[in-house]
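Residue numbers for the sequence shown follow my numbering, so the first one is 1 and each next one is one higher.
Here a beta-carbon is modelled for each residue, glycine too, at the ideal position from N, C-alpha and C.
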Amino acid sequence: MPAPVLYLLGSAAPPILDATKVITQAQARGWDVVLGLTPTAADWLHGDLAYLEELTGHPVKSRYRRPGEPNPLPPADTILFAPATLNSINSLALGITTSWAIGYAAEAIGKRIPLLVMPCTNTALTAHPQFDRSIEALRGAGVRVLLGGGCYVPNEPGMGNPAAYPWDAALEALR
1 MPAPVLYLLG SAAPPILDAT KVITQAQARG WDVVLGLTPT AADWLHGDLA
51 YLEELTGHPV KSRYRRPGEP NPLPPADTIL FAPATLNSIN SLALGITTSW
101 AIGYAAEAIG KRIPLLVMPC TNTALTAHPQ FDRSIEALRG AGVRVLLGGG
151 CYVPNEPGMG NPAAYPWDAA LEALR
């Protein structure tokens with residue numbers, strides 16, 4: 001029986017720099033991992049993309065396919081969007097699909113593919129009134145948002161510690 005397919009989607013926030021570690025941990029838990037990135041996150045990992053493709057056995061996806069271009073990726077069984085920035089969370093909640101990662105996650109809602117989103121924001125960004133509306137909209141659509149309660153807790157601006165990002169909690173939540 002083939003391994004279940006996990007799409008790990010990531011925004012440009014410092015924890016995405018730990019993609020290799022997270023992919024390896026997910027694979028050790030039995031997942032076949034496909035990595036999808038927002039354009040800026042792909043730029044941040046530019047020098048590692050070939051290695052990440054080798055590690056996952058799949059192309060790293062960061063752009064929409066051209067018409068007629070084949071899709072080489074297996075379908076997702078589950079999706080983890082982490083780290084998810086304020087921009088990604090708001091875009092997803094509002095259905096603004098200007099990047100492939102957001103578009104794939106938005107479509108997953110309609111297809112009822114299990115979708116977990118773990119933010120990576122600070123308290124100043126989460127104070128923006130759209131943040132709470134977006135979290136409420138995502139939860140109302142059946143998205144599991146890993147915020148508080150042993151998952152991600154926003155830090156004060158400038159006080160983030162990417163090494164403390166709760167990847168383990170996110171991987172546990174996939175069960």
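{"query": "Member of Leu146, His58, Ala141 and Ala82 whose CA lies at the smallest distance from the CA of Asn71", "result": "His58"}
{"query": "Leu174 in three-state terms, based on DSSP", "result": "coil"}
{"query": "Limits of the unbroken beta strand (DSSP E) element including Tyr7", "result": "Val5 to Gly10"}
{"query": "Identified DSSP bridge partners for Asp32", "result": "Val5"}
{"query": "Extent of the continuous alpha helix (DSSP H) run through Pro114", "result": "Premise fails: Pro114 is in no alpha helix (DSSP H) and is neither H nor E."}
{"query": "Rounded Cβ spacing between Ala12 and Thr78 (contact assumed at less than 8 Å)", "result": "That belief does not hold up - the Cβ atoms of Ala12 and Thr78 are roughly 23 Å apart, past 8 Å."}
{"query": "Closest by C-alpha distance to Trp167, when choosing among Leu17, Phe131, Arg65 and Ala42", "result": "Leu17"}
{"query": "His128 to Ile135 span [Cα, whole Å]", "result": "12 Å"}
{"query": "Gly95 burial status per 10 Å Cβ neighbour count (16 or more: buried)", "result": "exposed"}
{"query": "Segment limits, alpha helix (DSSP H) that includes Ala124", "result": "Thr123 to Thr126"}
{"query": "Which residues DSSP lists as bridging Leu37, in chain order", "result": "Gly10"}
{"query": "Delimiting residues of the beta strand (DSSP E) encompassing Leu80", "result": "Thr78 to Ala84"}
{"query": "Asn155 - partner residues in DSSP beta bridges", "result": "Asn122"}
{"query": "Nearest residue (CA-CA) to Ala170, options Pro4, Leu115, Tyr64 and Leu146", "result": "Leu146"}
{"query": "Leu73: first and last residue of the uninterrupted alpha helix (DSSP H) it sits in", "result": "Here Leu73 belongs to no alpha helix (DSSP H), and DSSP marks it neither H nor E."}
{"query": "Reference Leu35; option with closest CA among Lys21, Arg66, His46 and Val60", "result": "Val60"}
{"query": "Residue from Arg133, Ala3 and Met159 whose Cα sits closest to the Cα of Thr121", "result": "Met159"}
{"query": "Chain C within 8 Å of Val153, Cβ atoms only", "result": "In the structure shown, chain C cannot be found, because there is only a single protein chain."}
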